[in-house]
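Numbering-wise (the numbering used here), the sequence shown opens with residue 16 and increments by one. The C-beta atom is built at its ideal place from N, Cα and C for all residues, glycine as well. Reviewing the structure listed below.
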Amino acid sequence: RDSSTSRGLGDVYKRQQIMCGISGFCDFSLNYYDKKPFWETILVQMHETLKHRGPDQAMIDLQPHVGLSHARLSIRDLKSGIQPMTRTFHGKTCSIVYNGEIYNHRELLPELQAAGYRFTTTSDTEIILCAYMHFGKDFVEKLNGIFAFAIWDDTTRELLLYRDRAGTKPLFYTQTGSSFVFGSEPKALFCHPDVTPSIDKNSLQEILAVGPARTSGNGVFTGVKEVMPGHYHIFCPDGQHDILYWDLPCREHKDSYVQTVQTVSFLVRDTVERQMVSDVPVCTFLSGGIDSSIVTALAARHMQKEGKILNTFSFDFSENEKYFKSNAFQPERDLPYVNRMLQYCKTSHTYLECSQEALFAALSDAVTAKDLPGMTDVDASLLYFCSEVAKHNKVTLTGECADEIFGGYPWFYRPELMNRDGFPWSADPAARTSILSDDVLRTLDLAEYSHARYEETLSHVPHLDGESPEEARRRDIGYLNIKWFMQTLLDRMDRTSMYSSLEARVPFADHRIMEYVFNVPWQMKYRNGVEKSLLRDACADLLPRELLWRKKSPYPKTYHPAYEQMLIRRMWEILSDPNSPVLPLLDRSKTEAFLAAPKELGKPWFGQLMAGPQLIAYFIQINTWMQIYHLSI
16 RDSSTSRGLG DVYKRQQIMC GISGFCDFSL NYYDKKPFWE TILVQMHETL KHRGPDQAMI
76 DLQPHVGLSH ARLSIRDLKS GIQPMTRTFH GKTCSIVYNG EIYNHRELLP ELQAAGYRFT
136 TTSDTEIILC AYMHFGKDFV EKLNGIFAFA IWDDTTRELL LYRDRAGTKP LFYTQTGSSF
196 VFGSEPKALF CHPDVTPSID KNSLQEILAV GPARTSGNGV FTGVKEVMPG HYHIFCPDGQ
256 HDILYWDLPC REHKDSYVQT VQTVSFLVRD TVERQMVSDV PVCTFLSGGI DSSIVTALAA
316 RHMQKEGKIL NTFSFDFSEN EKYFKSNAFQ PERDLPYVNR MLQYCKTSHT YLECSQEALF
376 AALSDAVTAK DLPGMTDVDA SLLYFCSEVA KHNKVTLTGE CADEIFGGYP WFYRPELMNR
436 DGFPWSADPA ARTSILSDDV LRTLDLAEYS HARYEETLSH VPHLDGESPE EARRRDIGYL
496 NIKWFMQTLL DRMDRTSMYS SLEARVPFAD HRIMEYVFNV PWQMKYRNGV EKSLLRDACA
556 DLLPRELLWR KKSPYPKTYH PAYEQMLIRR MWEILSDPNS PVLPLLDRSK TEAFLAAPKE
616 LGKPWFGQLM AGPQLIAYFI QINTWMQIYH LSI
């Protein structure tokens with residue numbers, strides 16, 4: 016056994032244009048060497064399904080009871096950080112496949128080197144593996160980063176799956192008979208000969224009651240689960256074990272406002288600085304909102320220290336200046352603020368624009384990328400924009416997650432939204448169920464399912480003794496947003512970016528920021544009636560004043576009537592085709608009436624952007640999803 020290098024099928028697979036994703040299988044009742052060519056072919060097929068996640072290298076490692084497959088996007092140690100990676104130290108042999116970035120990996124080196132570990136690469140992969148071997152299973156608590164990885168411990172005969180605290184990187188698994196199968200995306204699981212995609216009642220409840228969000232750990236397909244954020248999962252001869260290693264802590268906040276501003280200022284700056292580390296150039300998304308502008312300002316300063324200019328990218332839709340319609344959730348366009356930021360912070364900027372035709376076409380690709388229906392044109396447009404950014408850069412920083420953590424959404428402060436008895440971004444089931452058949456509504460009981468998931472989450476919210484009812488509700492809202500709404504956006508960001516071999520990093524989802532800000536009292540986050548005032552004060556020196564105090568506006572969407580007409584035509588085609596798999600869900604007369612009526616643009620049924628046209632698009636995506644995976648009801 017080679018104790019210091021990866022094992023694989025040879026250079027032919029090293030040179031294939033395959034992407035960064037992990038997958039594999041484990042079975043203690045089988046010896047995979049008995050049918051070695053067959054199982055090696057399965058491993059190759061698994062990373063073939065994940066080839067969109069990275070073009071640089073692909074390798075496999077088949078052992079008697081485990082198979083590991085890796086498709087790599089090279090960000091660090093471009094020449095020697097090949098996976099699967101196996102190491103033997105102090106009589107212990109372990110292997111790893113890993114997706115992500117560890118931002119504090121060099122801080123772990125001194126103790127490992129002092130313990131006798133010798134490193135043959137500069138990759139964070141090798142440090143993760145040695146840290147597991149040295150510190151044990153709970154070593155993950157020492158990591159700061161975005162990650163999903165699998166470790167095979169040949170000594171203890173355990174397969175361990177780890178996922179980062181925020182859930183930035185995905186990791187799915189299923190068990191069929193005695194076989195355990197895992198992968199970065201569900202599509203990789205279906206390469207295993209005993210795993211076939213199917214759906215059941217719970218699948219439909221997830222899609223129709225809480226979708227495009229998902230219950231944590233629920234993979235929607237029958238029998239498919241996801242390692243939950245802040246957890247690791249063990250498969251061994253005596254069964255499966257799920258271990259929670261991190262959750263949002265509940266602490267009394269004793270810092271003054273000045274101290275709180277200083278702490279947030281340090282954490283944001285330190286996080287962006289850490290996440291700029293890469294052996295390839297890093298860019299940023301610049302939307303014109305305060306979150307992406309803060310990240311861009313800090314990233315640009317970092318690049319300037321190195322004598323370089325930061326690449327930035329902004330997104331919009333063709334003819335948006337003509338058709339944009341201001342509403343309570345989206346009061347104004349982003350473009351003027353992008354231009355103001357560019358005057359203030361010199362970068363190499365690219366304006367990206369998506370046509371209505373490209374947006375409509377990307378609806379199907381977005382389902383392929385996610386393996387599920389999603390946030391319709393929000394996913395589709397981001398998928399398109401990421402494909403354009405990937406032509407220039409491999410790594411980007413985004414402003415995602417600041418709203419969930421610092422309280423930027425209207426349901427944090429508008430009483431009628433905050434006090435809903437249900438998920439505040441999707442409390443009224445009437446809009447999302449308006450075209451479903453009566454039989455489906457009776458069978459699935461969607462309102463009850465959604466409310467049960469809501470109550471279940473609330474039962475886990477930590478509280479301080481003596482909290483007032485209002486303070487307790489604020490903490491509930493913060494917890495719900497981080498555990499649900501933020502997960503939806505992180506999932507969207509990973510799938511739409513990695514589909515084009517682009518790694519998206521999310522500084523605001525750093526666990527230190529989440530832990531600290533979760534416990535900051537609401538009056539510090541909403542001073543003088545301004546949402547995210549704490550973040551604005553902490554970063555006041557980074558932005559021009561008119562942008563710093565800009566009213567929040569979400570990710571842009573199109574208001575072009577041509578896009579709506581494309582959706583309506585496609586939905587009529589689905590209704591006219593008796594083989595459309597989504598038809599058993601729909602009431603035809605309700606659907607026809609909905610298609611004929613004017614579409615409501617300003618009252619979302621999910622989040623801030625998904626209104627009338629997006630409801631049509633969602634059912635189009637459900638139909639596409641069922642066609643791709645040959646699903647039936």
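Within 10 angstroms of the beta-carbon of residue 48 lie fewer than 16 other beta-carbons, which makes it exposed.
Positions of the alpha helix (DSSP H) runs, each at least 4 residues long and wholly inside the segment 196-267, are given as 201-204 and 216-220 in order along the chain. DSSP places residue 112 within a strand segment (E or B) once states are collapsed to three.
Taken through DSSP and simplified to helix, strand or coil, residue 298 comes out as strand. Apart from the 5 residues on each side of it in sequence, residue 126 sits with its Cβ closer than 8 Å to the Cβ of 149 in its chain, given in chain order.
For the pair of segments examined, the segment 433-443 was found not to touch the segment 319-331: the number of CB pairs separated by less than 8 Å stays below three. When DSSP states are grouped into helix, strand and coil, residue 337 belongs to the helix group. Membership of residue 100 in any alpha helix (DSSP H) is not indicated; the residue belongs instead to the beta strand (DSSP E) covering 100-104.
Each of 401, 142, 582 and 350 was checked against the Cα of residue 518, and the nearest Cα belongs to 401. Pairwise C-beta distances place the segment 133-153 out of contact with the segment 197-214, as fewer than three of them are shorter than 8 Å.
In the DSSP assignment, residue 329 forms a beta bridge with 366.
Boundaries around residue 465 are those of the alpha helix (DSSP H), 461-473, since no beta strand (DSSP E) includes it.
Under the criterion of beta carbons closer than 8 Å, residue 398 and residue 511 qualify as touching, at roughly 4 Å. Residue 313 is positioned such that its CB atom lies no closer than 8 Å to that of residue 415. Distance from residue 621 to residue 227 at the Cβ level is roughly 7 Å; contact confirmed, criterion being Cβ atoms closer than 8 Å. Under a 10 Å Cβ-count criterion, residue 135 is classified as exposed, with fewer than 16 other Cβ atoms of the shown protein chains found around its own Cβ. Cβ-Cβ separation between residue 391 and residue 632: approximately 4 Å, consistent with a contact (criterion under 8 Å). In the DSSP annotation of this structure, the continuous segment of the beta strand (DSSP E) that includes residue 189 starts and ends at 187-191. Residue 389 and residue 507 do touch by the CB rule: their CB atoms are close to 6 Å apart, below 8 Å. Between residue 454 and residue 223, the alpha-carbon positions lie close to 14 Å from each other. Between the alpha carbons of residue 575 and residue 334 lies a gap of roughly 7 Å.
CA-CA distance, residue 618 to residue 626, rounds to 6 Å. 456 is the residue among 477, 612, 456 and 538 whose C-alpha sits nearest the C-alpha of residue 601. Here residue 556 is exposed: its Cβ has fewer than 16 other Cβ atoms, across all protein chains shown, within 10 Å.
Rounded to whole angstroms, the Cβ separation of residue 38 and residue 61 is 4 Å, and the two are in contact under 8 Å. Secondary structure at residue 97: coil, using DSSP grouped into helix, strand and coil. Two segments are said to touch when three or more pairs of C-beta atoms, one from each, lie closer than 8 Å; by this definition the segment 350-365 touches the segment 293-309.
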